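Asks: Protein chains in written order, with full-length UniProt numbering: chain A, 1 to 427; chain B, 1 to 221.
Glycine included, C-beta positions come from ideal geometry on N, C-alpha and C.
Being a predicted model, the structure only gives us computed values, none of them experimental.
Below you'll find the structure I mean.
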């Protein structure tokens, strides 16, 4: 859930809750106020009664009063129960079918020596109307307020959080190898938290880049520095082999050492190559003739395939597939690494197929699936079943593919490992 | 044959000298560009092994000067940098060959041999040992005047062994000569063994000159 939606939703929920609670509260409150004012009116009316009663001298006067004053209902004291306080009843007013609420105040009086109870009543019909109107207005205001709050909130948020989203976008696009600048301070709201965030991100990216560069430089220097002593070591062993009185065991020991040194040198070479590619030290403006390069690579590796009695089958279209904006050396290394990998990981006597089309190069070879390393197949130093090599071959393939803007896809189907290099459409 | 090694790594230079001296080569070692320059000016060499990264400048500068002075010394550039640009540039400047470190001494000696033969023994493209003759131009091999059909691999193998005559060539060096960088990915050297066996059979009477040094490699003598 987005931050904006999250906060907007919270605001909306709170406002709705407030509205829901306020409706009954307002109703009860308004009702009370209204009833209270009616009760006061009734009280005032009741206060006038004694002065009227004092003018009644004859039963005829009493009868006249009863007929004239419709709001009053005078009953003998023993025929009705007396309530001290005003109360509400429902009844149909004369001539109407529907029942209405009436507020009644009772008062004890004595007329012509006999006790009576006077019911002073007032219709609550108007009150219902009024409360309804007031509540409608109230509700309208609340809805408007709510919509306004949410709306204002939404726009303010969009504006306030803009620097945050800029920073977020920068972090998302952050690539240690490219030099994307951190978001600028221009047109910023003066919110110190965001300024600090932005500064921290900038500093962090500078530090990370510096660390990355120094690490790269270290790998390059270390590889370079190792090259000479390894070469010296190798030369000395080659000289040692020339000794006439060398026994077979000694010769084998030297051979083993020799091979280990070569492995180390290969590792060095690969690390150097990787850092060179990552440093962008290869121009990519050459045009590569795919079939030609593939032919050279197959030729170079033919003895390796022969050693495992493997057959390399090539399928390609009659027309020349040419890739512009490429680097021949890198392309060759990439294809050679793929083929070396295919030879290594397929059993003796198998057939390796290379298919070239205008859109891609597909290399497939039979072999056991790499369940253990399937997802990390292009990672550095990942090897399957302790195969020879240093586990950098496929990583180099991927690095080169990325450098030349090709897609590399690995798949395993029908018992075959398949590596596909897809390049952008020619034209 | 006079060889000049201009290389700042003393141990490397010493090893190269030691290896080459077995074959009647006279080797001199210089460790920086100034010394190297004065030696080149004063003497003529059959082959100069020139490192690119030298104290005091680039070996390629020396190569340029050499060509400007119209000297005919053979030049092999040896570089720690396995960069294609270096190779292209070196050859463009007139170097006869380019070898990236690390390499095998046997490989280096084969390259030197080729350079010297190409530059000084023009027309004589034949390499012979006893009744075995290799014509490097026609890429043909004969024993007692009888032509022998060899595969490309067998031919390369024989030439490599013959050029390094009298020295023990490790299976690793042979593998790398034949397979290049991919030699590292061989599970074993059976393929080398198989090709040597076939080669020996085809060479008939001369087959015995390829001697197996158990545990190490082969030697042509």
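1. Label residue 368 of chain A either buried or exposed according to how many other C-beta atoms from any shown protein chain fall within 10 Å of its C-beta, with 16 as the threshold for buried.
2. Just to confirm my understanding: we take residue 75 of chain A, look at its own chain, exclude 5 residues before and 5 after, and list those with CB closer than 6 Å. What are they?
3. Taking the alpha-carbon of residue 351 of chain A as reference, which of A:399, A:137, A:51 and A:308 has the nearest alpha-carbon?
4. Compare the C-beta of residue 191 of chain B with all C-beta atoms of chain A and state if any pair is closer than 7 Å.
5. I want to know whether the segment 272-284 of chain A touches the segment 123-135 of chain B - three or more CB-CB distances under 8 Å.
6. Using a C-beta to C-beta distance shorter than 7 Å, which residues of chain A count as neighbours of residue 98 of chain B?
7. Less than 7 Å separating the beta-carbons of residue 297 of chain A and residue 336 of chain A?
8. The alpha helix (DSSP H) that contains residue 255 of chain A, what's its start and end?
9. Is residue 234 of chain A close to chain B? Criterion is C-beta to C-beta, closer than 7 Å.
10. Residues in the same chain with beta-carbon distance under 6 Å from residue 430 of chain A, minus the five sequence neighbours each way, listed in chain order, please.
11. Taking only beta carbons into account, state which residues of the segment 305-317 of chain A come closer than 8 Å to chain B, listed in chain order.
12. Quick check on residue 177 of chain B: buried or exposed, where buried means 16 or more other Cβ atoms within 10 Å of its Cβ?
13. Please name the residue in A:20, A:85 and A:31 whose C-alpha comes closest to that of residue 492 of chain A.
14. List the residues that DSSP assigns as beta-bridge partners of residue 90 of chain A.
15. Please return the same chain residues whose Cβ sits closer than 8 Å to the Cβ of residue 56 of chain B, not counting the five positions on each side in sequence.
16. Using a C-beta cutoff of 7 Å, does residue 231 of chain A count as contacting chain B?
17. Tell me residue 351 of chain A's beta-bridge partners as DSSP assigns them.
18. Output yes if chain A places a C-beta closer than 7 Å to the C-beta of residue 200 of chain B; else output no.
19. Below 7 Å on C-beta distance, what does residue 263 of chain A contact in chain B?
20. Do residue 182 of chain B and residue 329 of chain A come within 7 Å of each other at the CB atom, strictly closer than that value?
21. Look at the alpha carbon of residue 206 of chain B and the alpha carbon of residue 155 of chain B, and state the distance between them as a whole number of angstroms.
22. Is residue 275 of chain A near residue 225 of chain A, with beta carbons less than 7 Å apart?
23. So residue 65 of chain B is in the alpha helix (DSSP H); what residue range does that whole segment cover?
24. So, are the CB atoms of residue 228 of chain A and residue 107 of chain B less than 7 Å apart?
25. State the Cα-Cα distance for the pair residue 45 of chain B and residue 70 of chain B, rounded to the nearest angstrom.
26. For a test of the three-state rule: what should DSSP assign to residue 32 of chain B, helix, strand or coil?
27. I believe residue 312 of chain A touches residue 354 of chain A by the beta-carbon criterion, under 8 Å. Please report the beta-carbon distance rounded to the nearest angstrom.
28. If we call anything under 7 Å between Cβ atoms a contact, is residue 112 of chain B one with residue 27 of chain B?
29. Could you give the distance in angstroms between the alpha-carbon of residue 331 of chain A and the alpha-carbon of residue 153 of chain A?
30. Using 8 Å as the Cβ pair cut-off and three pairs as the minimum, do the segment 210-217 of chain A and the segment 85-105 of chain B touch?
31. Tell me, please, whether the CB atom of residue 211 of chain B is closer than 7 Å to any CB atom in chain A?
32. Roughly how many angstroms separate the alpha carbons of residue 77 of chain B and residue 406 of chain A, rounded to a whole number?
33. Buried or exposed, going by whether 16 or more other CB atoms sit within 10 Å of the CB of residue 423 of chain A?
34. What's the call for residue 148 of chain A, buried or exposed, on a 16-neighbour Cβ count within 10 Å?
35. Answer yes or no: do residue 115 of chain B and residue 135 of chain B have a C-beta to C-beta separation smaller than 7 Å?
36. Buried or exposed for residue 83 of chain A, please, with buried defined as at least 16 other CB atoms from any protein chain shown within 10 angstroms of its CB.
Replies: Considering the structure as presented:
1. exposed
2. Result list for residue 75 of chain A: 117, in chain order.
3. A:308
4. yes
5. no
6. Going along chain A, no residue has its Cβ under 7 Å from residue 98 of chain B, so there is no contact; the nearest lies around 14 Å.
7. Yes, Cβ-Cβ distance for residue 297 of chain A and residue 336 of chain A is below 7 Å.
8. 248-278
9. A Cβ of chain B is located within less than 7 Å of the beta carbon of residue 234 of chain A.
10. This structure does not reach residue 430 of chain A, given that chain A is present from 1 up to 427, and the question cannot be answered.
11. 306, 307 and 308
12. buried
13. Residue 492 of chain A lies beyond the stretch modelled for chain A, which goes from 1 to 427, so this question has no answer here.
14. A:101
15. Setting aside the 5 residues that flank it on each side, residue 56 of chain B is surrounded in the same chain by 32, 33 and 34, each with a C-beta closer than 8 Å to its C-beta; the list follows chain order.
16. yes
17. A:311
18. no
19. 184
20. no
21. The alpha-carbon atoms of residue 206 of chain B and residue 155 of chain B are separated by roughly 14 Å.
22. no
23. Run containing residue 65 of chain B: 59-68, per the alpha helix (DSSP H) assignment.
24. With respect to the 7 Å criterion, residue 228 of chain A and residue 107 of chain B are not classified as neighbours on the basis of their beta carbons.
25. Distance between the alpha carbons of residue 45 of chain B and residue 70 of chain B: 13 Å.
26. coil
27. 7 Å
28. no
29. 55 Å
30. No, the segment 210-217 of chain A is not in contact with the segment 85-105 of chain B.
31. Not an interface residue.
32. 35 Å
33. With 16 or more other Cβ atoms within 10 Å, it is buried.
34. exposed
35. no
36. exposed
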